[in-house]
Amino acid sequence: MNRVVRAATIGVLVLSPVVLSACSAGQIAQTATQDRDIRGGQADLGSIHLRTATTAYPQSGSYEEGGDARLLVAIANSGPADDELTDISGPGFEAYEVVDPGNATEAAPTGFTIPAGGNVFVGEGGPQVTLTGLTEALTPAQSLEVTFTFRDAGEVTLPVLVGTPSLDLPRGEEFDFHEGEGGAAEG
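Residue numbers (mature numbering (1 follows the signal peptide of the UniProt record, and there is no 0)): -21 to -1, 1 to 166.
So, in structure tokens, the structure goes:
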């Protein structure tokens, strides 16, 4: 009887990791529905997808009330037809300005086209959008509720985070936690 109990115990110990790992496998697993860590707001509106919606990091460390903030967002169009961003609004700012280097019109544009099956990166190499007349002071990691309106897809509201610095900030002097402890061998 002692050998049977010992064999059963060893069998349970050997097989338990296999049985327990099966608990997290499959499409019902929690990790199957989680997104990776994403900096900034995101939203899906039919075939329009907005990702990493932030403002640029404020050079002074914060945005002042009445100031302007440069918008950064990636907009993808997975649909078969072009769509157009026609308006940007929100309670945290008075207006917005668009500078589209690909659209050389005399009048300032109020929007831009998101091509079918394509992407538009607002802020870096694409249209420049500035949110003007901020209604309150903002610091990094705070957010603004911003509504994007598209000609065909409609409108979607998402949080736009105030950007954080993308560079390593200088550090102070190193601190030795072990200073003063006797490190020399005795004797």
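All residues carry an ideal CB built from backbone N, CA and C; glycine is no exception. Note that the structure is a prediction, hence the values are computed from the model and not measured.
* Asked: Who are the Cβ neighbours of Gly133 in its own chain at under 7 Å, not counting the five residues just before and after it?
  -> These residues qualify, in order along the chain: Leu24.
* If you drop the 5 nearest sequence neighbours on each side, which residues of the same chain put their C-beta closer than 7 Å to that of Gly45? -> By the criterion of a C-beta distance shorter than 7 Å, Gly45 is surrounded in its chain by Gly112 and Leu113, once the five residues flanking it on both sides are discounted.
* To do: Within 10 angstroms of the Cβ of Val141, are there 16 or more other Cβ atoms? Answer buried if so, exposed if not.
  => Burial call: buried.
* Pull up the distance between the alpha-carbon of Cys125 and that of Arg49, whole angstroms please. => The question names Cys, yet the displayed sequence has Val at residue 125. Using only the alpha carbons, I get a separation of about 13 Å.
* Give me the Cβ distance between Thr34 and Leu51, rounded to the nearest whole Å; I'm assuming they're in contact under 8 Å. => Taking 8 Å as the upper bound for CB-CB distance, Thr34 and Leu51 are in contact here, some 7 Å apart.
* To do: Kindly list the residues whose CB is nearer than 6 Å to the CB of Pro144, restricted to its own chain and excluding five residues on each side of it in sequence; keep chain order.
  => So the qualifying residues of the chain are Tyr36.
* Report yes if the C-beta of Thr109 is less than 8 Å from at least one heavy atom of the ligand SAH; otherwise report no. => By its list of ligands, the structure shown contains no ligand whatsoever, and the ligand SAH lies outside what it can speak to.
* CA nearest to the CA of Gln38, picked from Asn98, Pro138 and Asp47 -> With respect to the C-alpha of Gln38, the residue from Asn98, Pro138 and Asp47 having the closest C-alpha is Asp47.
* **Limits of the unbroken beta strand (DSSP E) element including Gly112** => Secondary structure note for Gly112: its beta strand (DSSP E) is the uninterrupted segment Gln107 to Leu113.
* Rounded to a whole number of angstroms, what is the C-alpha to C-alpha distance between Ala120 and Tyr42? -> It is roughly 12 Å from the alpha-carbon of Ala120 to the alpha-carbon of Tyr42.
* Provide the residue(s) that pair with Val(-18) in DSSP beta bridges, ordered along the chain. => The partner list for Val(-18) (beta bridge, DSSP) is empty, contrary to what the question assumes.
* Close-in-space but distant-in-sequence residues of the same chain around Ala22 (CB under 7 Å, 5 per side omitted) -> The residues are Leu29, Val135 and Leu137.
* To do: Note down the Cα distance separating Glu63 from Leu117, rounded to an integer number of angstroms.
  => Spanning the alpha carbons of Glu63 and Leu117 requires a straight line of approximately 29 Å.
* Quick one: Cα of Pro106 to Cα of Pro70, how far? -> Roughly 22 Å separates the two Cα atoms.
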